[in-house]
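Those protein sequence lines, which keep their order, are chains V and E.
Taking the UniProt record's numbering, the leading residue of the first sequence gets 1, the next gets one more, and so forth.
Taking the UniProt record's numbering, the leading residue of the second sequence gets 1, the next gets one more, and so forth.
Using N, Cα and C, we set each Cβ at its ideal position, and we do this for glycine too.
Computed from a predicted structure; not experimentally measured.
Protein chains: 2
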Amino acid sequence: MIGYVGIDIGGTNVVCGIVSENGDVLGMAKLATEAQGGFQHVTSRVAEAVRQLMATVPEVSCAAVGVGVPGFVDHERGIAVKAVNLGWDNIPLADELSRHLGLPVYINNDVRMYIYGEAVAGAGKNHRYVLGITLGTGIAAASVFNGELHYGSGFRAGELGHFGMPGIPYKCVCGLTGCLETIACANGIARQAREALAEGEPSVLGEWFSADTSGLTAADVTRAYDAGDPLAQRIMSHTGTMLARGLAPAISLTSPDVLVIGGGAAKAGDRLFGPMREELERTVHPMYMEGLTISVAHRLEDAGVVGSALYARSRV
Amino acid sequence: MIGYVGIDIGGTNVVCGIVSENGDVLGMAKLATEAQGGFQHVTSRVAEAVRQLMATVPEVSCAAVGVGVPGFVDHERGIAVKAVNLGWDNIPLADELSRHLGLPVYINNDVRMYIYGEAVAGAGKNHRYVLGITLGTGIAAASVFNGELHYGSGFRAGELGHFGMPGIPYKCVCGLTGCLETIACANGIARQAREALAEGEPSVLGEWFSADTSGLTAADVTRAYDAGDPLAQRIMSHTGTMLARGLAPAISLTSPDVLVIGGGAAKAGDRLFGPMREELERTVHPMYMEGLTISVAHRLEDAGVVGSALYARSRV
Numbered sequence: 001m002i003g004y005v006g007i008d009i010g011g012t013n014v015v016c017g018i019v020s021e022n023g024d025v026l027g028m029a030k031l032a033t034e035a036q037g038g039f040q041h042v043t044s045r046v047a048e049a050v051r052q053l054m055a056t057v058p059e060v061s062c063a064a065v066g067v068g069v070p071g072f073v074d075h076e077r078g079i080a081v082k083a084v085n086l087g088w089d090n091i092p093l094a095d096e097l098s099r100h101l102g103l104p105v106y107i108n109n110d111v112r113m114y115i116y117g118e119a120v121a122g123a124g125k126n127h128r129y130v131l132g133i134t135l136g137t138g139i140a141a142a143s144v145f146n147g148e149l150h151y152g153s154g155f156r157a158g159e160l161g162h163f164g165m166p167g168i169p170y171k172c173v174c175g176l177t178g179c180l181e182t183i184a185c186a187n188g189i190a191r192q193a194r195e196a197l198a199e200g201e202p203s204v205l206g207e208w209f210s211a212d213t214s215g216l217t218a219a220d221v222t223r224a225y226d227a228g229d230p231l232a233q234r235i236m237s238h239t240g241t242m243l244a245r246g247l248a249p250a251i252s253l254t255s256p257d258v259l260v261i262g263g264g265a266a267k268a269g270d271r272l273f274g275p276m277r278e279e280l281e282r283t284v285h286p287m288y289m290e291g292l293t294i295s296v297a298h299r300l301e302d303a304g305v306v307g308s309a310l311y312a313r314s315r316v
Numbered sequence: 001m002i003g004y005v006g007i008d009i010g011g012t013n014v015v016c017g018i019v020s021e022n023g024d025v026l027g028m029a030k031l032a033t034e035a036q037g038g039f040q041h042v043t044s045r046v047a048e049a050v051r052q053l054m055a056t057v058p059e060v061s062c063a064a065v066g067v068g069v070p071g072f073v074d075h076e077r078g079i080a081v082k083a084v085n086l087g088w089d090n091i092p093l094a095d096e097l098s099r100h101l102g103l104p105v106y107i108n109n110d111v112r113m114y115i116y117g118e119a120v121a122g123a124g125k126n127h128r129y130v131l132g133i134t135l136g137t138g139i140a141a142a143s144v145f146n147g148e149l150h151y152g153s154g155f156r157a158g159e160l161g162h163f164g165m166p167g168i169p170y171k172c173v174c175g176l177t178g179c180l181e182t183i184a185c186a187n188g189i190a191r192q193a194r195e196a197l198a199e200g201e202p203s204v205l206g207e208w209f210s211a212d213t214s215g216l217t218a219a220d221v222t223r224a225y226d227a228g229d230p231l232a233q234r235i236m237s238h239t240g241t242m243l244a245r246g247l248a249p250a251i252s253l254t255s256p257d258v259l260v261i262g263g264g265a266a267k268a269g270d271r272l273f274g275p276m277r278e279e280l281e282r283t284v285h286p287m288y289m290e291g292l293t294i295s296v297a298h299r300l301e302d303a304g305v306v307g308s309a310l311y312a313r314s315r316v
């Protein structure tokens, strides 16, 4: 049978998978990125892992390879233009990996691959206009309209985290103040809890992390929420509300059929998306909300790999 | 020579034009819409006007007709789904007009036609990703990506005027509070001036309209601005700032090469777009702003007609 290789390159780990034509994962492998070794080190390690993985499913003949890379990617020329957390600048990744594997390689931005996977084989399946966001260490967005990814000028489309918003006081690493990314992502949720605890706000989180809050994560805020903690509830409510305010113009402008939410913080589910939906219903015209499906990503763990593989299928 | 008919149907007037293949206007005619006479009355009047107009340029052989209609339009089936200010509900306009004229007729939303005209033959020419807004009696938006109009779910994409924004106190006709449309359009600018005068705010506009402010327009606010009037300056500054806040997420998400601004209030120029640009530069990440051209529409008077004609060219 025909298959496709999907690769999701992150700052810490690389995940590789062999994916069938209709999006089923036939095999997966994970390895440390070791970005500090340089991009040739990374590509030769990834190529070796892919070769080993392909050997485990000898009945599958892989036709092409898709790769999701963080940062700006020139998918047309196969260049990783800028990936800050990998230290990559204008890396000809597609050619390099193709040379190793002897297969056509297509690269793209990792968030686009994640949302493409959801659009084709996940929560966006059978929807014509898909708007997706990922809430991980940061927040990012991607759109798939009529089965086509939207790129924008300089392949830069998809940022929803970096514009100043009234009601957000934090300075962002990007240099602006009030960016949605400072609160509406896994890191942002944890950060709000840490700062509130530092200001002495009472919370069960203060008991759990009495000595040191540096290890506190969004998952802990979720746990505290479920324990009825008022601070955790306030954080989820505020984060959901601000997320809705950032999304409102995007929804009105593009009119998606479905809003897919992925990334680690999506596991907060209705604790976060309940307040988000309430604010959307309060501020977005009903004609957009009535037909809008809001769904957590179906493939929270492997959408990036599946998306990369199915993207390769679309390009080959 | 080959030409195309472009028709822009408004609540008050209909403008018809004969347009060459490269977007030059070869003849124009304007007539009252007389919407109260019903859609068959309107279409037979429009058809007659088009026939007369075609007779004035006998050297032009018209290949198709494009029509811009307000409200929701199903351009695939040629149906004017809902045009409140014309009283139209599910009108088979394309077939009806085609029967009258014996030519293929393609209809679409009027703002999309306006921005399409700008994208193909105006301020967006030679740009790949065009985001356009019109500031007229209301505010609306349309996008042309890679030469293709974006429609969204239910053909509803393009609304930028109806979502609640912090900092806008007004109730909107749509039922929401804080909609950008209540301030950022020709009517909204005039409205802000009228309400400030009613509250006794000093302004040269109070001298010009001492008896009755009902006739005050955005053009008067522009005149007052040029006379150094502080109220007019505050209104332009506030309107530009709020416009930028509505646009910021849209710019980050879609990353346009060019933002085209049309409609009557676009004539305010830098009085309005200076403060808008300042707020965009303060709140939108520089990577989006550096490459972004912001331009007033080149064809403020006839973009709708030209766009409709060139849209017909693209469909035929």
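Residue from the options with nearest C-alpha to residue i
{"i": "residue 112/V", "options": "70/V, 104/V, 221/V and 40/V", "result": "70/V"}
{"i": "residue 97/V", "options": "27/V, 80/V, 84/V and 147/V", "result": "80/V"}
{"i": "residue 225/E", "options": "285/E, 236/E and 252/E", "result": "236/E"}
{"i": "residue 304/E", "options": "72/E, 118/E and 239/E", "result": "118/E"}
{"i": "residue 89/V", "options": "95/V, 262/V, 72/V and 295/V", "result": "72/V"}
{"i": "residue 146/E", "options": "40/E, 184/E and 258/E", "result": "258/E"}
{"i": "residue 31/V", "options": "20/V, 7/V and 38/V", "result": "7/V"}
{"i": "residue 295/V", "options": "156/V, 37/V, 19/V and 273/V", "result": "273/V"}
{"i": "residue 251/V", "options": "123/E, 5/E, 154/E and 107/E", "result": "154/E"}
{"i": "residue 138/V", "options": "151/V, 120/V, 152/V and 172/V", "result": "172/V"}
{"i": "residue 267/V", "options": "280/V, 217/V, 174/V and 291/V", "result": "217/V"}
{"i": "residue 183/E", "options": "15/E, 161/E and 105/E", "result": "161/E"}
{"i": "residue 123/E", "options": "275/E, 286/E, 261/E and 310/E", "result": "261/E"}
Cutoff 7 Å: residue i Cβ touching any chain E Cβ
{"i": "residue 310/V", "result": "no"}
{"i": "residue 163/V", "result": "yes"}
{"i": "residue 295/V", "result": "no"}
{"i": "residue 81/V", "result": "no"}
{"i": "residue 182/V", "result": "no"}
{"i": "residue 3/V", "result": "no"}
{"i": "residue 291/V", "result": "yes"}
{"i": "residue 203/V", "result": "no"}
{"i": "residue 210/V", "result": "no"}
7 Å Cβ cutoff, residue i in contact with chain V
{"i": "residue 92/E", "result": "no"}
{"i": "residue 129/E", "result": "yes"}
{"i": "residue 173/E", "result": "no"}
{"i": "residue 137/E", "result": "no"}
{"i": "residue 61/E", "result": "no"}
{"i": "residue 141/E", "result": "yes"}
{"i": "residue 283/E", "result": "yes"}
{"i": "residue 314/E", "result": "no"}
{"i": "residue 153/E", "result": "yes"}
C-beta neighbour in chain B for residue i, strict 7 Å
{"i": "residue 74/E", "result": "Of the chains in the structure shown, none is chain B; the protein chains are V and E."}
Residue i - DSSP class collapsed to helix/strand/coil
{"i": "residue 82/V", "result": "strand"}
{"i": "residue 145/V", "result": "strand"}
{"i": "residue 309/E", "result": "helix"}
{"i": "residue 130/V", "result": "strand"}
{"i": "residue 2/V", "result": "strand"}
{"i": "residue 183/E", "result": "coil"}
{"i": "residue 155/E", "result": "helix"}
{"i": "residue 226/V", "result": "helix"}
{"i": "residue 170/V", "result": "coil"}
{"i": "residue 110/E", "result": "helix"}
{"i": "residue 95/V", "result": "helix"}
{"i": "residue 123/E", "result": "coil"}
Partner residues on chain E for residue i, Cβ-Cβ distance less than 7 Å
{"i": "residue 249/V", "result": "160, 163, 246, 249 and 250"}
{"i": "residue 262/V", "result": "Neighbours of residue 262/V on chain E: none; closest Cβ ~16 Å, over 7 Å."}
{"i": "residue 53/V", "result": "Residues of chain E passing the Cβ test: none, with the nearest at roughly 35 Å."}
{"i": "residue 259/V", "result": "By Cβ distance, chain E contributes nothing, its closest Cβ being about 11 Å from residue 259/V, past 7 Å."}
Listed by chain order, chain V residues near residue i by CB distance under 9 Å
{"i": "residue 70/E", "result": "Simply none; closest approach about 15 Å."}
{"i": "residue 239/E", "result": "The contacting residues do not exist; residue 239/E stays about 16 Å from chain V at best."}
{"i": "residue 188/E", "result": "Correct list: empty, because the minimum Cβ distance to chain V is about 17 Å."}
Contacts of residue i in chain E (Cβ-Cβ under 8 Å)
{"i": "residue 150/V", "result": "145 and 254"}
{"i": "residue 216/V", "result": "None at all; the shortest Cβ gap to chain E is about 28 Å."}
Cross-chain neighbours of residue i in chain V, by beta carbon under 7 Å
{"i": "residue 156/E", "result": "255, 287 and 288"}
Proximal residues of chain V, C-beta to C-beta of residue i below 8 Å
{"i": "residue 166/E", "result": "166, 167 and 245"}
Contained alpha helix (DSSP H) runs [length at least 4] in the stretch 235–304 of chain E, N- to C-terminal order: Runs of the alpha helix (DSSP H) lying entirely within the stretch 235–304 of chain E and spanning at least 4 residues, in chain order: 270–283 and 286–290.
Runs of alpha helix (DSSP H) lying entirely within the stretch 5–71 of chain V, each at least 4 residues, in chain order: With a minimum length of 4 residues, the continuous alpha helix (DSSP H) runs that stay inside the stretch 5–71 of chain V are 39–56.
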